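S.K.:
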Amino acid sequence: MVDYLVRFLAGGAVVSAFAILGDMLRPKSVAGLFGAAPSVALATLTLAFWKEGPAYVMSESRSMLLGSVALAVYCFVVCQLLIRGRLSALSATLSAFVAWLGVALGLKQLLLG
Amino acid sequence: MPIKLKASALSQTRWYEYLVRFVLGGAATVVAGMIAEHFGPAVGGLFLAFPAIFCASATLIEKHERERKAKRGLQGGDRGRGAAALDAAGAAWGSLALAAFAAIMWVTATRGAAVSLLAASLVWLLCAAALWLSRRKLRPR
Chain R
0 MVDYLVRFLA GGAVVSAFAI LGDMLRPKSV AGLFGAAPSV ALATLTLAFW KEGPAYVMSE
60 SRSMLLGSVA LAVYCFVVCQ LLIRGRLSAL SATLSAFVAW LGVALGLKQL LLG
Chain E
0 MPIKLKASAL SQTRWYEYLV RFVLGGAATV VAGMIAEHFG PAVGGLFLAF PAIFCASATL
60 IEKHERERKA KRGLQGGDRG RGAAALDAAG AAWGSLALAA FAAIMWVTAT RGAAVSLLAA
120 SLVWLLCAAA LWLSRRKLRP R
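If you want it as structure tokens, here you go:
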């Protein structure tokens with residue numbers, strides 16, 4: 000339980016810090032880069048080093064690389080749904096989760112088994 | 000346009016919007032940990048690049064842009080969607096920097112937590128800056 004609480008507080012703090020920095024940065028196109036900041040990864044991998052060791056971190060990082068490709072596809076789909084589909088930001092970002100899941104799990108299955 | 004920090008932009012965000020992002024970020028970290036525990040690090044690692052708070056951020060950007068236009072008596076629907084799309088395009092470039100972060104973590108993990116996390120963060124920052132500059136050169140306007 001304490002472990003989950005530490006994860007929650009660490010993740011919330013790092014994500015909030017990157018989000019605040021993203022809010023303040025101008026021009027907006029720079030702020031967008033912070034939308035893909037390694038916030039959850041920094042909190043999770045720091046705890047993984049401490050609890051599980053480097054082999055576990057290597058395995059998580061290798062998969063994170065595939066997750067990043069899925070994130071690029073997700074962002075592209077969100078752009079299309081917003082501009083061409085004229086969906087609201089909430090509908091576009093939620094609908095595109097399907098694309099992220101499909102690409103991430105598909106690449107994992109294809110490349111890592 | 001040079002890169003700068005605009006502190007006044009924070010006044011547009013209400014306290015509960017910060018709280019939502021804190022809770023979503025914390026929840027995403029807990030869920031990523033739970034997935035790794037149940038399905039192993041190969042599946043859990045995928046969720047380190049899950050766009051957990053992206054929906055909250057994009058919705059806020061759209062809302063703030065719409066409110067700014069409404070203050071001037073204008074309809075801001077298209078402008079709000081455009082601002083959210085610009086943020087998503089930036090995040091798509093940012094995902095390349097995130098991939099660089101993951102790759103550095105992968106190859107340097109055996110050198111210890113401090114070296115690995117510091118090197119990966121530095122590479123992420125440099126990649127993000129380089130990508131933004133390249134994007135500006137490709138699309139100067």
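Residue numbers (numbering that gives the first Met the number 0), protein chains in the order written: chain R, 0 to 112; chain E, 0 to 140. Using N, Cα and C, we set each Cβ at its ideal position, and we do this for glycine too. Source: prediction; values computed, not measured.
Indicate the three-state DSSP secondary structure (helix, strand or coil) for E/Lys68 in the structure shown.
M.R.: The answer is helix: DSSP assigns E/Lys68 an H, G or I state.
S.K.: In this structure, how does DSSP classify E/Lys5 when only helix, strand and coil are distinguished?
M.R.: Here E/Lys5 sits in coil by DSSP.
S.K.: Between E/Gly72, E/Arg20, E/Lys62, E/Cys54, which lies nearest to R/Leu8 when the distance is taken from Cα to Cα?
M.R.: The shortest C-alpha separation from R/Leu8 is found at E/Arg20.
S.K.: What residues from chain E crowd round R/Ala98, counting only those whose CB sits closer than 7 Å?
M.R.: Those within 7 Å of R/Ala98 in chain E number zero; the least Cβ separation is about 10 Å.
S.K.: According to DSSP, simplified to helix, strand and coil, what is E/Arg78?
M.R.: Looking at E/Arg78 - three-state DSSP - the assignment turns out to be helix.
S.K.: Assuming R/Gly105 is part of the alpha helix (DSSP H), what are its boundary residues?
M.R.: Its alpha helix (DSSP H) spans residues 96 to 110.
S.K.: How long is the line joining the alpha carbons of E/Arg134 and E/Ala8, rounded to whole angstroms?
M.R.: E/Arg134 and E/Ala8: Cα-Cα distance of roughly 24 Å.
S.K.: Is the Cβ-Cβ distance between E/Gly93 and R/Leu32 less than 8 Å?
M.R.: The answer is yes: Cβ separation under 8 Å.
S.K.: Leaving out the 5 sequence neighbours to the left and right, which residues in its chain are closer than 6 Å to R/Ala69 when beta-carbon positions are compared?
M.R.: Closer than 6 Å at the Cβ level, and outside the excluded window around R/Ala69, lie Trp99, Val102, Ala103.
S.K.: Taking R/Val14 as the reference, give the member of R/Arg25, R/Ala36, R/Ala30, R/Met0 with the closest Cα.
M.R.: Of the listed residues, the one whose Cα sits closest to R/Val14 is R/Ala36.
S.K.: Would the stretch 93 to 113 of chain E count as touching the stretch 65 to 74 of chain E if we require 3 or more Cβ pairs under 8 Å?
M.R.: The stretch 93 to 113 of chain E, when compared against the stretch 65 to 74 of chain E, does not touch it at the 8 Å Cβ threshold.
S.K.: On the DSSP bridge list, what partners appear for R/Leu24?
M.R.: According to DSSP, which records beta bridges pairwise, R/Leu24 is partnered with E/Leu4.
S.K.: Which residue from E/Arg13, E/Val42, E/Glu61, E/Ala55 puts its Cα closest to that of R/Leu122?
M.R.: No statement about residue 122 of chain R is possible, as the shown extent of chain R runs from 0 to 112 and does not include it.
S.K.: So that I know if they touch, is there some Cβ in chain R lying closer than 8 Å to that of E/Tyr15?
M.R.: So no, E/Tyr15 is outside the interface.
S.K.: Assign E/Glu36 to buried or exposed, taking buried as 16 or more other Cβ atoms, counted over all protein chains shown, within 10 Å of its Cβ.
M.R.: Classification for E/Glu36: exposed.
S.K.: Give the residues of chain E in contact with R/Val13, contact being defined as C-beta atoms less than 9 Å apart.
M.R.: Those are Gly24, Thr28, listed as they occur along chain E.
S.K.: Rounded to the nearest angstrom, how far is the Cβ of E/Thr28 from that of R/Thr45, given a contact under 8 Å?
M.R.: At roughly 10 Å, the Cβ-Cβ gap does not stay under 8 Å, so E/Thr28 and R/Thr45 are not in contact.
S.K.: So with CB distances below 7 Å, who are the chain E contacts of R/Ser67?
M.R.: Those are Ala48, Ser94, Leu97, Ala98, Ala101, listed as they occur along chain E.
S.K.: Can you find a C-beta in chain E that's less than 8 Å from the C-beta of R/Leu110?
M.R.: Closer than 8 Å: no.
S.K.: State the start and end residues of the unbroken alpha helix (DSSP H) segment that holds E/Phe38.
M.R.: First-last of the alpha helix (DSSP H) with E/Phe38: 14 to 38.
S.K.: Which same chain residues, not among the five before or five after R/Asp22, have their C-beta less than 8 Å away from its C-beta?
M.R.: Closer than 8 Å at Cβ, skipping near neighbours: Ala30.
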